[in-house]
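A.B. asks: The structure that follows is given in the form of structure tokens.
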């Protein structure tokens, strides 16, 4: 597709601004409309730093746009999960047996600022803030906006419109309400919500607990996690049921109950969170949802991308990485030289949707793994064995977590299918005492490989794939 | 819950009229509002008989309301699938190895008429037609209707509102658009649509092909099926992609192309369908969708039931049976003596949703089985073996199909989990030549049981359940 085309992008969040940058680099005329004010001028997050997990798939997209080094400066490596029990005992469980493999904590605002700055260096890229998209006329490729400053509505026309406007996408809503074609759609809410809290830095600016880990307090039905920020603080998130269990968001309604809950379940966290009650009663409780839909595109006119097409729960740390990978994959399709947008959009969705469906399901699995399984002896044994295998046979073995997180050249779907079979193989071999964690590693590896292949083959024969 | 309660039911289709009858029998004051005219007075289907598959779960509900015998008079037994190849060769594949197990073809209109007549025999049951529900105020337990005769809108109040208003449910739409609580929802469309056609009776009123079977012309990517009607005709349904493959609904747009398609793929059907072209270009092409949602109820005020809560594709012949089973299960919860509707609704959904989710997934599986697998040698071998096992060991073996269709005391979810494991066991044992269809049946049964148990146990250990 030649670049004499006007592309309108809805949303200047992480996905929209990366897409604008990349399409700007390719020479397209790009206009981006964002409902929020410019985050570089207004402190949107009111002083609180929201961080995200950043890993290889995100990094691959940064390489594509030449920002690999600049992003590195924003990253705090997290080598593993630091598990905290109810007595405050901790142990570190690495994410990989290969030392160079780790995930990063990164500030959403910092990264978004970088992407916007870089996009605006291209004179063919324009970003407009305070412009909320109300609806999209996907037959005529126009979008209706409201300018929050002037309070006026206006319509913008383009050759194509790409909506990177997040889980509440206006384009997706227009698809759904338009009823012009068969639109498959799902929104699935977990029974749990989340609330952000904070561990503030020491007076001298140091971190109050170990910096280079993702901290988890797994408690079976709920959990607390913490990720480090560059300023010495940690962003802490409580994941808890709205209305089930002894303690839940609905009944944690007095200061005493909140303190009692933290004292009982997270005493070591409580001891470094003197600000807990303020945070707890100031910050909102938010839901956790998965969104899937299809088709993402309407003819060659409009396309959904990022969370607008596939919002996922945060438990695999892949939300942003998956959205960035959308841009990498879209760019690949553009390289294929098709001459019409419909073929480009169709090809993109056909390649991509199976992978975003897979990471959505994997993220739900990981919710249960993080809050529960990480504290379970047989899962811990499996994890230890996998770390040993990755260390001893770095080119021969990759856990499901490694395939998803560190192997950016394997699609999420392949990682899911192979990874689930491998997990099943190891858990069954351990339970049946056919492998022994203290046994010969090479022989364990062979048994796991053989059993994994048998599981995959049985599924293929049964047509389960 | 005492019966001094006013219950408003939206929809007097199969589910709504059965529910009205049952709640009438229990002594509640029941008002039913139906958007269509009274089907006993107006010929809604314009002369064409739409039939459905009726089996044990439906029958169980008929027993509950005492209509077992009256329904039997409306039924045409179908003992198996009559498979037609492209040369017009046929073979019959029974649904069960137990002779007393078969499914039935039943007329939707005939059954609905019976249920309405029986419901209206209770003076505490009133049915109002031509009253379309526009929306439900689920906070205040009122529903807004439009009277199609007077064109006026009116509001009805009740102690509880139960919506049995089908896949396009007004209550479900109010839940979705209301955004008053976290409402999980999915609509999933198949790439295929369907069109109804007919094989008319002979001049003397006889059936033109074998009466007591469900006829299938499986062609891999598409299929034709036919179910008998009491008047000597068959209702024929073509399931075909909208836009993929050599022939699809979008490109079957001339009489010549339709004839060419039928001549090539369904020559024996074409020879008894002189009315094909009229039917093809008169009747609509309709989509095939699955709807799931949660919660079904709002507090103790409103509840979704039947297709309104869980619309499924028709390939397992379980749509009506599942909706009737909803009424059976709801009645069971009423028997438990709870004193508030919220507990009744919550208990009903908790018990029931796992089963309706399962039949939705099984129905999609069966789409692939019917159009494709039934013509596949290894699936045929499996089926033959299962028929022999059911015949020889009627109390020890039940195929997945039998568990779903004929075992009304096993929930759909249990049938799905056990049935899928059993299918996987047989397909793998056959492929690995560990069982032989001509071998000793008792030994085959033991091997299948052992392998099925091993598969279930491996899944349990892997946490897949």
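Chains as they are written, first to last, in the numbering used here: chain F, 1 to 465; chain C, 1001 to 1465.
Every residue gets a Cβ at the ideal spot worked out from N, C-alpha and C, and that includes glycine.
Alpha carbon to alpha carbon, how far is residue 1301 of chain C from residue 1158 of chain C? Give it in angstroms, no decimals.
C.D. replies: Straight-line Cα distance between these residues: approximately 9 Å.
A.B. asks: Closer than 6 Å by C-beta to residue 363 of chain F: which residues in its own chain qualify, once you throw out the five before and the five after it? Chain order, please.
C.D. replies: Closer than 6 Å at the Cβ level, and outside the excluded window around residue 363 of chain F, lie 312, 313, 315 and 316.
A.B. asks: Which runs of the beta strand (DSSP E) at least 3 residues long sit entirely within the region 1023-1105 of chain C? Give them in chain order.
C.D. replies: Counting whole runs of 3 or more residues, the region 1023-1105 of chain C contains the beta strand (DSSP E) stretches 1029-1033, 1051-1054, 1076-1078, 1080-1084 and 1090-1094.
A.B. asks: Helix, strand or coil: which one does DSSP assign to residue 1237 of chain C?
C.D. replies: In this structure, residue 1237 of chain C counts as strand in the three-state DSSP scheme.
A.B. asks: Look up residue 1412 of chain C in the DSSP assignment and say whether it is helix, strand or coil.
C.D. replies: Correct three-state label for residue 1412 of chain C: helix.
A.B. asks: Should residue 1091 of chain C go down as buried or exposed, given a rule of 16 or more other Cβ atoms within 10 Å for buried?
C.D. replies: So residue 1091 of chain C ends up on the exposed side.
A.B. asks: Which residues does DSSP list as the beta-bridge partners of residue 187 of chain F?
C.D. replies: Looking at the DSSP assignment, residue 187 of chain F forms a beta bridge with F:291 and C:1185.
A.B. asks: Which residues of chain C have a Cβ atom closer than 8 Å to the Cβ of residue 211 of chain F, listed in chain order?
C.D. replies: Within 8 Å Cβ-Cβ: nothing; residue 211 of chain F doesn't reach chain C, min ~32 Å.
A.B. asks: Against residue 1458 of chain C, what residues of chain F qualify as contacts under a CB-to-CB distance less than 7 Å, listed in chain order?
C.D. replies: The contacting residues are 424 and 428.
A.B. asks: Can you pull the chain C residues whose beta carbon is under 8 Å from the beta carbon of residue 461 of chain F, in chain order?
C.D. replies: What residue 461 of chain F touches in chain C: 1424, 1427, 1428 and 1431.
A.B. asks: Any idea what DSSP makes of residue 1311 of chain C, helix, strand or coil?
C.D. replies: Of the three classes helix, strand and coil, the one that applies to residue 1311 of chain C here is coil, per DSSP.
A.B. asks: Run the CB neighbour count on residue 340 of chain F, radius 10 Å, all protein chains shown included, and call it buried at 16 or more, exposed below.
C.D. replies: Burial call: exposed.
A.B. asks: Between the region 323-341 of chain F and the region 210-218 of chain F, do at least 3 Cβ pairs fall closer than 8 Å?
C.D. replies: Verdict: no, contact absent.
A.B. asks: Hey, how far is the Cα of residue 168 of chain F from the Cα of residue 353 of chain F?
C.D. replies: The straight-line gap from Cα to Cα measures roughly 19 Å.
A.B. asks: Could you compute how far the alpha carbon of residue 1188 of chain C sits from the alpha carbon of residue 53 of chain F?
C.D. replies: So the two alpha carbons sit approximately 31 Å from each other.
A.B. asks: So, for residue 284 of chain F: in the same chain, excluding its five sequence neighbours on each side, which residues have a beta-carbon less than 8 Å away from its beta-carbon?
C.D. replies: Closer than 8 Å at the Cβ level, and outside the excluded window around residue 284 of chain F, lie 195.
A.B. asks: Between residue 343 of chain F and residue 6 of chain F, what straight-line distance do the alpha-carbon atoms span, to the nearest angstrom?
C.D. replies: Roughly 18 Å between the two C-alpha positions.
A.B. asks: From residue 34 of chain F to residue 225 of chain F, what distance separates their C-alpha atoms?
C.D. replies: Distance between the alpha carbons of residue 34 of chain F and residue 225 of chain F: 31 Å.
A.B. asks: Let me check one thing: in DSSP terms, what residues is residue 6 of chain F bridge-paired to?
C.D. replies: Its beta-bridge partners are F:29.
A.B. asks: I need the DSSP call for residue 449 of chain F, collapsed to helix, strand or coil.
C.D. replies: Three-state DSSP puts residue 449 of chain F in a helix.
A.B. asks: Within the same chain, show all residues whose beta-carbon is closer than 7 Å to that of residue 13 of chain F, passing over the 5 residues directly before and after it, in chain order.
C.D. replies: Only 112, 164 and 166 meet the Cβ criterion.
A.B. asks: Exposed or buried, residue 41 of chain F, counting other C-beta atoms within 10 Å across all chains shown (16 or more means buried)?
C.D. replies: By the 10 Å Cβ count, residue 41 of chain F comes out exposed.
A.B. asks: At a CB-CB cut-off below 7 Å, which residues of chain F make contact with residue 1189 of chain C?
C.D. replies: Simply 182 and 184.
A.B. asks: With 9 Å set as the bound, which would you pick, yes or no: does the beta-carbon of residue 420 of chain F sit closer than that to a beta-carbon of chain C?
C.D. replies: Yes - at least one Cβ of chain C is within 9 Å of the one on residue 420 of chain F.
A.B. asks: Hey, how far is the Cα of residue 1129 of chain C from the Cα of residue 1149 of chain C?
C.D. replies: Their backbone Cα atoms lie some 9 Å apart in a straight line.
A.B. asks: Against residue 287 of chain F, what residues of chain C qualify as contacts under a CB-to-CB distance less than 8 Å, listed in chain order?
C.D. replies: Result: 1182.
A.B. asks: For residue 193 of chain F, which three-state DSSP category applies?
C.D. replies: Three-state result, residue 193 of chain F: strand.
A.B. asks: Taking just the CA atoms, how far does residue 1253 of chain C sit from residue 1235 of chain C?
C.D. replies: Approximately 22 Å between the Cα atoms of the pair.
A.B. asks: Helix, strand or coil for residue 1017 of chain C? Go by DSSP, reduced to three states.
C.D. replies: The answer is helix: DSSP assigns residue 1017 of chain C an H, G or I state.
A.B. asks: Roughly how many whole angstroms lie between the Cα atoms of residue 84 of chain F and residue 96 of chain F?
C.D. replies: Approximately 19 Å, taken between the alpha carbons.
A.B. asks: Determine, using beta carbons only, whether residue 1297 of chain C comes closer than 9 Å to chain F.
C.D. replies: No, no contact with chain F.
A.B. asks: Run through the DSSP bridge pairs and tell me what residue 345 of chain F is partnered with.
C.D. replies: The partner list for residue 345 of chain F (beta bridge, DSSP) is empty, contrary to what the question assumes.
A.B. asks: Chain F beta carbons: is any one of them nearer than 9 Å to that of residue 1100 of chain C?
C.D. replies: Judged by the 9 Å Cβ criterion, residue 1100 of chain C is not in contact with chain F.
A.B. asks: Compare the C-beta of residue 1292 of chain C with all C-beta atoms of chain F and state if any pair is closer than 9 Å.
C.D. replies: At least one chain F Cβ lies under 9 Å of residue 1292 of chain C.
A.B. asks: Can you tell me the Cα-Cα spacing of residue 145 of chain F and residue 152 of chain F, whole angstroms?
C.D. replies: Straight-line Cα distance between these residues: approximately 8 Å.
A.B. asks: Rounded to a whole number of angstroms, what is the C-alpha to C-alpha distance between residue 218 of chain F and residue 372 of chain F?
C.D. replies: So the alpha carbons of these two residues sit roughly 6 Å apart.
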